[in-house]
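Input: a single structure, listed below in structure tokens.
Protein chains in written order, with the working numbering: chain A, 1 to 174; chain B, 1001 to 1287.
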């Protein structure tokens, strides 16, 4: 069975850590758990980590998720390529969306279904390993720039640093 | 001489009336004190037989009682809301490891086909059921903000009538009445009351505007179903309280919340109209 490397799980609830260790031990080669987010960077410096599963709430009674977002940004700043999956409380979709915007790869809602959790984590890691061809990158980038300019091609061409005609030619290949 | 006698008699009669009047005022004060003592703020004492100043005072007190009651109810709903938010969060966090661990164990070879399996399956099913229940409660209680507009009450009530043709309807709502409410929410509250009535074996629904000295519009919705037992009246609007086997106990608490969000109120009434056995009073804002 193909194992998926090392996962770092950060949650202040020891039962959740036990549950996740239990659920993921056949999928991952190594599982490191932390009950305090303060040690995240230290652990990441010491070990080779393939992915992080991060809870959003650490302070008791505070359910805003701000802390989780803060740690997510910190991880992304020091390890921009590290896939981070968020563990969010139920019914906190807006928080999850903010997490995705801040660079999280995916999010998992508590209580989760084990099979779905494993599938999501595997998907994130599989995607990570995929090498995208330059052409595909270019097409994707052009598409995003045009979306960003709400379809205004002159502006998109200006942002991309090419002439309008070149952009037209490239678009014909899309 | 006669003049003195007449003045004397009038004086005595005056004093007697004065003493009597003071006594009846004391009686009123006593009644209101008793009501407050029993945490019932709905004393609507009559204002006849009072001097104009006292009448104004009594009207103010009656109105104050109404306001206090509404405030108490609103505070209750709001603290329930806060409590629910915290509770659902904690319950979800607590069930997460239970569900996950039991699910993992069910997949283990040394658990399958052993006596352990049934027990763990029960743990798994129960925790799943609990989180589904909480999830559905959260979904229903997360209301959108109401969009208040001036709406015609009569067509809205007629709409609800048409949805339940199997019931006999007695609607006395003048067609020119406009209220300030969220049409969707108000319809949902009415439908919910009707559904409850049907479950209480009602065949007749009475909807009528009640004349009361109030700046709001009072809409009575009653039915001829089973009366609400006295011991349940206090807990009727408490979330999760239910007397039905399949009920979740959120219908009425949710309806009251929707009414409060629209600046109104939903209450159980003591007084019934047109042969009803149970009834609710909706307080609605008027433009």
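Note that the Cβ used here is the ideal one computed from N, Cα and C, for glycine as well.
Computed from a predicted model, the values in this text were never measured in an experiment.
Which residues of chain B have a Cβ atom closer than 7 Å to the Cβ of residue i, listed in chain order?
i             : result
residue 16/A  : 1096 and 1097
residue 156/A : The contacting residues do not exist; residue 156/A stays about 37 Å from chain B at best.
residue 13/A  : 1093
residue 110/A : 1092, 1093 and 1096
residue 114/A : 1100, 1103 and 1104
residue 45/A  : Correct list: empty, because the minimum Cβ distance to chain B is about 29 Å.
residue 4/A   : Result: empty, since nearest Cβ-Cβ is about 17 Å, beyond 7 Å.
Go to residue i, then tell me how far its alpha helix (DSSP H) extends in each direction, as first and last residue.
i              : result
residue 1071/B : 1052 to 1106
residue 1200/B : Element bounds for residue 1200/B: n/a, residue is neither H nor E.
residue 73/A   : 66 to 78
residue 46/A   : 40 to 46
residue 1043/B : That residue, residue 1043/B, is in no alpha helix (DSSP H); it is neither H nor E in DSSP.
residue 14/A   : 14 to 24
residue 1011/B : 1002 to 1037
residue 1236/B : Here residue 1236/B belongs to no alpha helix (DSSP H), and DSSP marks it neither H nor E.
residue 1273/B : That residue, residue 1273/B, is in no alpha helix (DSSP H); it is neither H nor E in DSSP.
residue 155/A  : 153 to 160
Applying a beta-carbon distance threshold of less than 8 Å, which residues of chain B neighbour residue i?
i            : result
residue 80/A : Residues of chain B passing the Cβ test: none, with the nearest at roughly 30 Å.
List, in order along the chain, the chain A residues whose C-beta lies closer than 7 Å to that of residue i?
i              : result
residue 1136/B : Result: empty, since nearest Cβ-Cβ is about 11 Å, beyond 7 Å.
residue 1079/B : Within 7 Å Cβ-Cβ: nothing; residue 1079/B doesn't reach chain A, min ~16 Å.
residue 1052/B : Those do not exist, as residue 1052/B stays about 55 Å from chain A at its closest Cβ, beyond 7 Å.
residue 1131/B : 111
Report the partner residues of residue i according to the DSSP bridge assignment.
i              : result
residue 55/A   : 87/A
residue 1222/B : 1206/B and 1279/B
residue 1150/B : 1180/B
residue 33/A   : 9/A
residue 109/A  : 88/A
residue 1190/B : Paired residue(s): none; residue 1190/B is not in a bridge.
residue 1285/B : 1180/B
residue 1217/B : 1284/B
Just checking my contact of residue i with residue j at CB under 8 Å: how many whole Å lie between their CB atoms?
i              : j              : result
residue 1251/B : residue 1240/B : About 11 Å; that fails the 8 Å criterion.
residue 51/A   : residue 108/A  : That pair is no contact at about 12 Å.
residue 84/A   : residue 75/A   : 6 Å
residue 1178/B : residue 1156/B : 11 Å between Cβ atoms; not a contact.
residue 114/A  : residue 1103/B : 5 Å
residue 1286/B : residue 1216/B : 6 Å
residue 1200/B : residue 1226/B : 5 Å
residue 1146/B : residue 1261/B : 5 Å
residue 106/A  : residue 122/A  : Wrong, their Cβ atoms sit about 11 Å apart, outside the cutoff.
residue 1183/B : residue 1284/B : Wrong, their Cβ atoms sit about 12 Å apart, outside the cutoff.
residue 17/A   : residue 25/A   : Actually they are not in contact, since the Cβ atoms of residue 17/A and residue 25/A sit about 12 Å apart, beyond 8 Å.
residue 110/A  : residue 87/A   : 6 Å
residue 1045/B : residue 1028/B : 6 Å
residue 33/A   : residue 9/A    : 5 Å
I need the boundaries of the beta strand (DSSP E) containing residue i, first residue and last residue.
i              : result
residue 1180/B : 1178 to 1181
residue 1172/B : 1168 to 1172
residue 135/A  : Counting along the chain, residue 135/A falls outside any beta strand (DSSP E), though it belongs to the alpha helix (DSSP H) covering 134 to 148.
residue 1268/B : 1265 to 1268
For residue i, return the contacting residues in chain B, with the cut-off set at a CB-CB distance below 9 Å.
i             : result
residue 96/A  : Chain B residues near residue 96/A: none, gap ~14 Å exceeds 9 Å.
residue 149/A : Simply none; closest approach about 33 Å.
residue 168/A : Within chain B, no residue comes near residue 168/A; the closest Cβ sits about 45 Å away, beyond 9 Å.
residue 104/A : Under the 9 Å cutoff, chain B gives no residues; its nearest Cβ is about 19 Å from residue 104/A.
Can you name, in chain order, every residue of its own chain whose Cβ lies under 7 Å from the Cβ of residue i, other than the five neighbours on each side?
i             : result
residue 117/A : 23 and 108
residue 58/A  : 12, 37 and 67
Leaving out the 5 sequence neighbours to the left and right, which residues in its chain are closer than 6 Å to residue i when beta-carbon positions are compared?
i              : result
residue 1175/B : 1154
residue 1043/B : 1032, 1035 and 1065
residue 1095/B : 1127, 1130 and 1131
residue 4/A    : 27, 28 and 125
Between which residues of its own chain and residue i is the CB-CB distance below 8 Å, once the five residues before and five after are set aside?
i              : result
residue 1189/B : 1255, 1258, 1259, 1266 and 1282
residue 157/A  : 163, 164, 166 and 167
residue 1164/B : 1194, 1198 and 1205
residue 1236/B : 1228, 1252 and 1268
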